[in-house]
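Scroll down for the structure; my scribbles are underneath it.
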Amino acid sequence: RIGSATSAVINTRLQELVRLFKERTEKVKEKLIDPDVTSDDESPVPSPAAALVPPPGGELEGDKPSGGDHYCEMLCCTFKYRPWLDRLKSYQFPSSIDPLTNLMYVLWLFFVVMAWNWNCWLIPVRWAFPYQTPANIHCWLLVDYLCDLVYLLDILVFQTRLQFVQGGDIITDKKAMKENYLRSQRFKMDVLCLLPLDFFYFKVGVNPLLRFPRCLKYMAFFEFNNRLEAILTKAYIYRVIRTTAYLLYSLHVNSCLYYWASAYEGLGSTTWVYDGEGNSYIRCYYWAVKTLITIGGLPDPKTLFEIVFQLLNYFTGVFAFSVMIGQMRDVVGAATAGQTYYRSCMDSTIKYMNFYKIPKTVQNRVKTWYEYTWHSQGMLDESELLVQLPDKMRLDIAIDVNYNIVSKVALFQGCDRQMIFDMLKRLKSVVYLPNDYVCKKGEIGREMYIIQAGQVQVLGGPDGKSVLVTLKAGSVFGEISLLAAGGGNRRTANVIAHGFANLFILEKKDLNEILVHYPESQKLLRKKAKKMLKSNNKPKEEKGGPGDPLIIPPKADTPKLFKAALAATRRMGGKGPLGQLRWRLKELKAMQE
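Numbering (UniProt numbering), first residue to last: 1 to 593.
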């Protein structure tokens with residue numbers, strides 16, 4: 001037993017030694033045949049143990065608890081946290097603010113717009129309706145001056161820190177930003193809206209109309225709309241809400257004017273004016289809705305003042321309501337522009353197929369392709385969306401969308417990263433329906449395929465319908481035809497889509513145009529192509545069945561260098577380690593026979 005175990009160990013080591021000699025011989029031979037082939041040796045990787053060696057001080061730096069850290073014990077775990085007071089103290093207000101991308105500035109604009117809406121909606125109500133009384137005047141004034149404080153902070157803190165573009169450069173200098181704001185029209189309107197007309201309260205009383213200049217801060221409202229629409233994924237919903245708010249505000253102002261006119265004529269003095277019963281605002285708002293929308297059914301005005309007021313209301317109502325309807329139509333039309341384009345393309349295609357009497361089976365597949373493509377990616381052609389962007393921005397989007405998939409492809413691992421980036425811009429996305437032929441055996445291959453989503457099946461066998469393998473997302477096929485320099489560019493199997501499949505296509509001419517600028521990647525891909533062709537053309541070695549009586553597999557041919565060493569040992573008398581190996585080889589040969 002001991003002798004057989006020793007023989008097995010020696011046999012294993014000899015087989016390993018022979019394999020290493022063969023691999024080295026093949027590499028040297030390949031290097032002599034093709035000088036472009038580079039070494040496959042990888043750069044040495046530092047040992048994990050070296051990273052764990054502690055510094056001379058003793059402990060690892062990451063294991064030392066910092067004296068300023070705070071810990072919170074919860075259940076069985078200890079969490080490190082930072083007190084909110086420390087975070088607040090260490091926070092530094094930015095010296096410059098990017099108005100296009102800074103979300104903090106958008107949040108601040110929200111508070112400014114809320115203060116502006118308070119003035120725009122409540123000043124007419126307090127002026128017309130008897131809601132402001134000496135008993136609650138302090139509450140109204142408190143909110144008024146809080147809104148004024150927001151206006152003042154916007155002028156002193158935020159507007160003077162906004163970056164701007166001058167001569168193509170982004171200006172972040174404090175003095176330059178401040179001077180740019182002081183020269184702008186925005187600054188003049190901001191100063192005008194904070195005119196201190198409140199001092200007239202001491203002479204005429206607390207009249208809300210003296211706060212009317214606060215409504216002139218409309219530029220902040222429009223800026224907030226632009227910034228908010230830029231960050232919303234469905235901006236059309238906000239546009240619909242904003243257009244509805246315009247309509248409600250016009251009705252709100254009209255109801256305030258109607259109550260003022262009724263109070264001027266005398267509440268309940270005629271059948272046209274408000275009679276003073278019920279909730280005054282709700283009843284006046286109801287009258288304003290019927291007037292501006294021109295529903296009719298209103299009492300006829302009696303006096304000249306009432307007739308003129310009603311005529312102006314009708315004219316204003318017709319104009320305002322038509323503007324609102326047109327704006328709402330534009331908002332809804334912009335929101336459904338993509339859907340309208342999809343329906344138009346589909347209707348035109350169906351009309352074309354009916355005109356040429358295309359079979360119904362083909363028409364159904366075309367309709368299925370339209371529906372799946374639209375519902376899966378929200379558009380029919382991705383390239384149309386990016387055609388207006390600069391080349392650098394298209395590359396950034398392509399990296400974010402496709403780089404994770406392409407970087408995992410084994411064929412392109414080790415290639416120049418910039419070459420991968422250039423290749424991303426040449427990829428074309430194509431959707432295949434279930435059982436669609438992606439490529440057929442014998443076709444001339446001019447492109448390769450990368451599976452983005454879905455699965456494809458490789459068919460073969462005597463009937464050409466047996467599933468040889470199923471490829472999933474991230475797999476590549478057709479690369480042999482793409483990289484074949486001479487011959488070998490015909491498809492070797494049928495490939496069909498198993499379900500809906502979204503594939504990236506890279507054409508051969510596009511890859512050749514890219515590789516001209518990356519010779520090292522070209523050599524690497526050429527080497528991989530040769531290995532693929534060699535492995536595909538190499539016949540399969542016959543292996544012994546499970547009932548093979550051989551205990552020790554047949555010994556591989558002894559390399560010539562090893563034979564020369566054994567011959568030299570024999571001439572020296574068979575002494576030393578090589579002599580013992582020579583004796584063991586004879587014994588193993590006898591056992592095999």
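Glycine included, each C-beta is placed from N, C-alpha and C at the ideal position.
Self-check item: Beta-bridge pairing of residue 447 - partner residues as DSSP gives them
Solution: As a position in the sequence shown, residue 447 is number 447, starting the count at 1. Bridge partners of residue 447: 507.
Self-check item: Same chain, Cβ closer than 6 Å to residue 97, five either side skipped, listed in chain order
Solution: For this step, residue 97 is matched to residue 97 along the sequence shown. Cβ within range, chain order: 105, 161 and 162.
Practice problem: Compare the Cα-Cα distances from residue 500 to each of 473, 297, 328 and 330 and report the closest residue. | Solution: Walking along the sequence shown from the start, residue 500 turns up at place 500. When only C-alpha atoms are compared, the closest one is 473.
Quiz prompt | Local Cβ density within 10 Å of residue 136, reported as buried at 16 or more and exposed below that | solution = As a first step, residue 136 must be located in the sequence shown, where it is residue number 136. Label assigned to residue 136: exposed.
Quiz item: What residues match up with residue 460 in a beta bridge as DSSP calls it?
Solution: On the sequence shown, position 460 is the one that residue 460 refers to. BP columns for residue 460 point to 466.
Quiz prompt | Any 3 or more C-beta pairs closer than 8 Å across the stretch 336–353 and the stretch 248–264 | solution = no
Quiz item: How would you write the range of the alpha helix (DSSP H) that residue 234 sits in, first residue to last?
Solution: For this step, residue 234 is matched to residue 234 along the sequence shown. Neither: residue 234 is in no alpha helix (DSSP H) and is coded neither H nor E.
Quiz item: Would you say residue 452 and residue 498 are within 7 Å of each other, going by their C-beta atoms?
Solution: Counted from its first residue, the sequence shown places residue 452 at position 452. Counted from its first residue, the sequence shown places residue 498 at position 498. No. Outside cutoff.
Quiz item: Taking the alpha-carbon positions, what's the residue 316 to residue 207 distance?
Solution: Locating residue 316 in the sequence shown gives position 316, counting from the first residue. Locating residue 207 in the sequence shown gives position 207, counting from the first residue. Approximately 27 Å, taken between the alpha carbons.
Quiz prompt | Boundaries (first-last residue) of the beta strand (DSSP E) holding residue 344 | solution = Reading the sequence shown from its first residue, position 344 is the one you call residue 344. Run containing residue 344: none in the beta strand (DSSP E); it sits in the alpha helix (DSSP H), 337–355.
Quiz item: Among 216, 215 and 423, which has the Cα closest to the Cα of residue 396?
Solution: The sequence position of residue 396 within the sequence shown is 396, counting from 1. Of 216, 215 and 423, the residue nearest in Cα terms is 423.
Exercise. Whole angstroms is fine: what's the gap from residue 410's alpha carbon to residue 504's?
Key: In the sequence shown, the residue the question calls residue 410 occupies position 410. In the sequence shown, the residue the question calls residue 504 occupies position 504. Near 16 Å, if we compare the C-alpha coordinates of residue 504 and residue 410.
Quiz item: So, is residue 348 buried or exposed, given that buried needs 16 or more other C-beta atoms within 10 angstroms?
Solution: As a first step, residue 348 must be located in the sequence shown, where it is residue number 348. Residue 348 should be labelled exposed.
Quiz prompt | Spatially closest choice to residue 126 from 117, 140, 115 and 114, by CA coordinates | solution = Within the sequence shown, residue 126 is the residue found at index 126, counting from 1. Looking at the Cα atoms, 140 is the closest of the given residues.
Quiz prompt | Cβ pair count under 8 Å reaching 3, the stretch 284–300 against the stretch 236–254 | solution = yes
Quiz item: Quick one, which of 426, 525 and 466 has its alpha-carbon nearest residue 509's?
Solution: Stepping through the sequence shown from its first residue, residue 509 is reached at position 509. With distances taken between Cα atoms, residue 509 lies closest to 426.
Practice problem: Grab the span of the beta strand (DSSP E) containing residue 269 for me, first residue to last. | Solution: Position 269 of the sequence shown, counting from 1, holds the residue named residue 269. Looking at the DSSP string, residue 269 is not in any beta strand (DSSP E), and its letter there is neither H nor E.
Self-check item: Where residue 407 falls: helix, strand or coil (DSSP)
Solution: Counting from one through the sequence shown, the residue named residue 407 turns up at place 407. DSSP places residue 407 in coil when its eight states are reduced to three.
Quiz item: For the 8 Å Cβ check, are there 3 or more pairs between the stretch 224–234 and the stretch 100–116?
Solution: yes
Quiz item: Hey, would you say residue 507 sits closer than 7 Å to residue 443, going by beta carbons?
Solution: Taking the sequence shown and counting its residues from 1, one reaches residue 507 at position 507. Taking the sequence shown and counting its residues from 1, one reaches residue 443 at position 443. No, Cβ-Cβ distance for residue 507 and residue 443 is not below 7 Å.
Quiz item: Who are the near neighbours of residue 123 in its chain, counting only those whose CB is closer than 8 Å to its CB and skipping five residues on each side?
Solution: Residue numbering aside, residue 123 sits at position 123 when the sequence shown is read from its first letter. Here the set comprises 208, 209, 211, 212, 214 and 215.
Quiz prompt | Length of the line joining the Cα atoms of residue 380 and residue 420 | solution = Position 380 of the sequence shown holds residue 380. Position 420 of the sequence shown holds residue 420. Residue 380 and residue 420: Cα-Cα distance of roughly 25 Å.
Exercise. Check each candidate in 143, 183, 22 and 145 and name the one with the smallest Cα separation from residue 159.
Key: If you number the sequence shown from 1, residue 159 lands on position 159. Nearest of 143, 183, 22 and 145 to residue 159, Cα basis: 183.
Exercise. Go to residue 431, then tell me how far its beta strand (DSSP E) extends in each direction, as first and last residue.
Key: Here the question's residue 431 lines up with position 431 in the sequence shown. Residues 428–432.
Quiz item: Since residue 439 is in the alpha helix (DSSP H), which residue starts that stretch and which ends it?
Solution: In the sequence shown, counting from the first residue as 1, residue 439 sits at position 439. Run containing residue 439: none in the alpha helix (DSSP H); it sits in the beta strand (DSSP E), 437–439.
Quiz item: Would you say residue 496 and residue 449 are within 7 Å of each other, going by their C-beta atoms?
Solution: By 1-based counting over the sequence shown, the position of residue 496 is 496. By 1-based counting over the sequence shown, the position of residue 449 is 449. In this structure, residue 449 does not lie closer than 7 Å to residue 496 by Cβ.
Quiz prompt | Cβ contact check for the stretch 293–310 and the stretch 268–284: 3 or more pairs under 8 Å | solution = yes
Practice problem: Starting from residue 138, follow its DSSP beta bridges and name the residues at the other end. | Solution: Stepping through the sequence shown from its first residue, residue 138 is reached at position 138. Residue 138 pairs with nothing; no bridge assigned.
Self-check item: Pair within 7 Å by beta-carbon distance, residue 224 and residue 113
Solution: Taking the sequence shown and counting its residues from 1, one reaches residue 224 at position 224. Taking the sequence shown and counting its residues from 1, one reaches residue 113 at position 113. Closer than 7 Å, so yes.
Practice problem: Could you pull the start and end residues of the beta strand (DSSP E) that residue 171 belongs to? | Solution: The residue you call residue 171 lines up with position 171 of the sequence shown. From DSSP, the beta strand (DSSP E) with residue 171 extends over 169–171.
Quiz item: By the 10 Å Cβ neighbour count, where 16 or more other Cβ atoms means buried, how is residue 8 classified, buried or exposed?
Solution: Within the sequence shown, numbered from 1, the residue matching residue 8 stands at position 8. Residue 8 is exposed by the Cβ-count criterion.
Exercise. Using three-state DSSP, classify residue 389 as helix, strand or coil.
Key: In the sequence shown, counting from the first residue as 1, residue 389 sits at position 389. Three-state DSSP puts residue 389 in coil, outside helix and strand.
Exercise. Mind checking which residues open and close the alpha helix (DSSP H) that includes residue 166?
Key: As a first step, residue 166 is located in the sequence shown; it is residue number 166 there, counting from the start. Not the alpha helix (DSSP H): residue 166 falls in the beta strand (DSSP E), residues 164–166.
Quiz item: Are residue 394 and residue 441 closer than 7 Å when you measure CB to CB?
Solution: Here residue 394 refers to the residue found at position 394 when the sequence shown is read from its first residue. Here residue 441 refers to the residue found at position 441 when the sequence shown is read from its first residue. No, they are not a contact pair.
Quiz item: Do three or more CB pairs link the stretch 324–332 to the stretch 235–247 at distances below 8 Å?
Solution: yes
Quiz item: Helix or strand or just coil, what does DSSP make of residue 594?
Solution: Summary: the structure shown does not reach residue 594, with the chain confined to residues 1 through 593, and so no result is reported for it.
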